[in-house]
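The opening residue of the sequence shown carries number 1 in UniProt numbering; numbering runs sequentially from there. Where a beta carbon is used, it is the ideal one built from N, C-alpha and C, also for glycine. To keep things clear, I will list the structure first and then write my remarks on it.
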Amino acid sequence: MVRRRVVVVGSINRDVVAEVDRMPVPGETVLARRVRHNLGGKGSNQAVAAARAGAPVSLIARLGERDAAPDRLREALRAAGVDVTGIGTAAGVETGTAFVTTAAGRNQIVVDPAANLVWAEPPPADLIRGTVAVCQAEIPMWVNEAVGAAGPARLVVNAAPATPIPESLLLHCDPLVVNEHELGVVADTDVAGQISPAETATIAQRLIDRGLPGVVVTLGAAGAIYGTATGLFRQAAPDVPVVDSTGAGDAFVGSLAARLAAGASSADAVRWAVAAASLSVGHPGTHAAYPTAAEVDRFLDRAPAAVPL
1 MVRRRVVVVG SINRDVVAEV DRMPVPGETV LARRVRHNLG GKGSNQAVAA
51 ARAGAPVSLI ARLGERDAAP DRLREALRAA GVDVTGIGTA AGVETGTAFV
101 TTAAGRNQIV VDPAANLVWA EPPPADLIRG TVAVCQAEIP MWVNEAVGAA
151 GPARLVVNAA PATPIPESLL LHCDPLVVNE HELGVVADTD VAGQISPAET
201 ATIAQRLIDR GLPGVVVTLG AAGAIYGTAT GLFRQAAPDV PVVDSTGAGD
251 AFVGSLAARL AAGASSADAV RWAVAAASLS VGHPGTHAAY PTAAEVDRFL
301 DRAPAAVPL
């Protein structure tokens, strides 16, 4: 079985996380119990999650020229097992910043992308070709399109934050990973409010019918729905206490990519990723909360087998 490298092309942020007793309503000020400063960004998070899941991982990203300590960020990623030689510097801007408010295991996030949107050239195709490549919507879409055109063995696209995906890129996603709201945006379908698993499956099937090789819809504590041309399936999640859900979606994507890179089937990779994301919400923060491969393996018996829809 060929073990491929995971190459994440994406964002790096400095996270400012305020822990509060409850979310403020519009116009209200609340006092934080604690403020944390983390290394984050979807690209960074997904790369670390894949590395902790046992994959060889490279991150291609941009830090800001005005960052006071960029070497410290690179070293933190290197210490987490991520190859950082593809991290460049964007001129005239700061590194991206995410402002996170978290309460009772839920979060609200505002991102200043800064350097993440400043790319002078696409990532080198020779670093992408033959890998399991992962990208998201916190970087310019033309960079994602360049990743898809570079010839990865498999392309995982996480359409987050919610954004339309060009057809040329969409038809190469194997899989596209979205939550229910992001699914609606990609499929140009109104999914305002809570939708049922049956409605989610119907929208996912429309994308597959358009020629999308694979789609995974994450459902938070309810697990995930995934499908290919051979059918749709529902993967339930274990029942776990939630401390902090920040970065759980990134834990899912990185773990999924790592399992696909190891040659796992879609069913195995999704089940494994659901277990990894479930473990991650039991701890505060992102990178430090992401489980190792051994931890997920020990937890897998709590993740039931998928059922067809």
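| Asked | Found |
| --- | --- |
| Determine the closest residue to Gly151 out of Val134, Met141, Ala293, with distance taken between C-alpha atoms. | Val134 |
| Return the residue from the list Ala221, Gln205, Val243, Ala237 that minimises the CA-CA distance to Thr228. | Gln205 |
| Sorry if obvious, but does the Cβ on Ala146 come closer than 7 angstroms to a heavy atom of the ligand FAD? | In terms of ligand content, the structure shown is empty, and the ligand FAD therefore cannot be addressed. |
| Which stretch, first to last residue, makes up the beta strand (DSSP E) that contains Ile195? | Careful: Ile195 lies outside any beta strand (DSSP E) and carries neither H nor E. |
| For Arg14, report the span of its alpha helix (DSSP H) as first-last. | Here Arg14 belongs to no alpha helix (DSSP H); instead the beta strand (DSSP E) covers 13-19. |
| Roughly how far, in whole angstroms, is the beta-carbon of Gly54 from the beta-carbon of Gly10, given that I think they are within contact range, below 8 angstroms? | That pair is no contact at about 20 angstroms. |
| According to DSSP, is Leu232 helix, strand or coil? | strand |
| Report yes if the CB atom of residue 341 is closer than 8 angstroms to the CB atom of Val240, and no otherwise. | Outside the displayed span of the chain (1 to 309) sits residue 341, for which this structure offers no information. |
| Please return the same chain residues whose Cβ sits closer than 6 angstroms to the Cβ of Ala159, not counting the five positions on each side in sequence. | Ala137, Ile165, Val178, Glu182, Val186 |
| Taking all protein chains shown into account, decide if Val35 is buried (16 or more other Cβ within 10 angstroms of its Cβ) or exposed. | exposed |
| I need the DSSP call for Val7, collapsed to helix, strand or coil. | strand |
| Mind the definition here: the stretch 63-74 touches the stretch 257-275 only if three or more C-beta pairs lie below 8 angstroms; say whether that holds. | no |
| Determine the extent of the alpha helix (DSSP H) in which Arg78 is found, giving its start and end residues. | 70-79 |
| Can you tell me where the alpha helix (DSSP H) with Arg259 in it begins and where it stops? | 248-261 |
| Compute the Euclidean distance between the alpha carbons of Pro24 and Thr101, then round it to the nearest angstrom. | 9 angstroms |
| Output yes or no for whether 8 angstroms exceeds the beta carbon distance between Val84 and Leu59. | yes |
| Exposed or buried, Glu75, counting other C-beta atoms within 10 Å across all chains shown (16 or more means buried)? | exposed |
| Looking at Val156: is its Cβ nearer than 8 angstroms to the Cβ of Val57? | no |
| Under DSSP, the alpha helix (DSSP H) around Gly148 begins and ends at which residues? | 141-149 |
| Opposite Leu176 in the DSSP bridges: which residues? | Val157, Val215 |
| Rounded to a whole number of angstroms, what is the C-alpha to C-alpha distance between Ala236 and Gly92? | 46 angstroms |
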